[in-house]
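Residue numbers (this note's numbering): 1013 to 1236.
Next comes the structure, spelled out in structure tokens:
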């Protein structure tokens, strides 16, 4: 009887540990983000420095001298810097809704304004092919900027329920003229975000894909 009890307890511990690991595994490629439900919609807030893949663009931790010159406070722990015009940063995230998307970026520069970024949602086209928004910088002070010539900053492409992708590219950049990117927000409703909106947003929670829990639980029961 004692052996049976020990075996049962061991099985329970293993199952509990496995389920705990299962629930904390993230689905989206972006590991850290924030979410909110403002203006009757859904928003995701992503640090530009926490890209999934990038070429030429650098986080501030890799460009410490430049990052040290950037005004603070930053909303995120780090910022994205474009040392040259070439390059891009990619992000993948999960959305619970589909439909219109409105994109804003908290940006700055070392030039004193007149620089800009491309940001494109769910498109394989190059950034300047019509599917992107142009996000202008306005100097060294961090400002929330929407799409140029698009007052509501509506993306030409929509949100998809499930996996979405974003690409950020500098339109122009050079030594001493590096554009900077702090955080971008994608919303299902139109409004201009504020720093306070970001601060109040809750940290995103990983979601277990549909069917994964059932499949895994069946495998556990079969094993034990």
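Glycine included, each C-beta is placed from N, C-alpha and C at the ideal position.
For the putative contact between residue 1194 and residue 1129, defined by C-beta atoms under 8 Å, what is the C-beta separation to the nearest angstrom?
Going by Cβ atoms, the distance from residue 1194 to residue 1129 rounds to 11 Å, so no, they are not a contact pair.
Where do the ends of the beta strand (DSSP E) carrying residue 1208 lie?
It is not in any beta strand (DSSP E) - residue 1208 instead sits in the alpha helix (DSSP H) that spans 1207-1212.
Tell me the residue span of the alpha helix (DSSP H) that contains residue 1065.
Residue 1065 -> not in any alpha helix (DSSP H); beta strand (DSSP E) instead, spanning 1065-1067.
Spatial distance of residue 1182 from residue 1092 (CA atoms):
11 Å
Residue 1059 versus residue 1156: straight-line alpha-carbon distance, rounded:
13 Å
Can you say whether residue 1067 is buried or exposed, counting buried as having 16 or more other CB atoms within 10 angstroms of its CB?
exposed
Who are the near neighbours of residue 1168 in its chain, counting only those whose CB is closer than 7 Å to its CB and skipping five residues on each side?
1142 and 1143
Where does residue 1120 fall in DSSP's three states?
strand
Exposed or buried, residue 1217, counting other C-beta atoms within 10 Å across all chains shown (16 or more means buried)?
exposed
Relative to the C-alpha of residue 1304, which candidate in 1213, 1101, 1125 and 1114 has its C-alpha closest?
With the chain represented from 1013 up to 1236, any question about residue 1304 goes unanswered, as that position is not in the structure.
Kindly list the residues whose CB is nearer than 7 Å to the CB of residue 1094, restricted to its own chain and excluding five residues on each side of it in sequence; keep chain order.
1069, 1182, 1185, 1190 and 1191
CA-to-CA distance, residue 1097 to residue 1244, given in whole angstroms:
Because residue 1244 is not part of the residues shown, which for the chain are 1013 to 1236, the question remains open.
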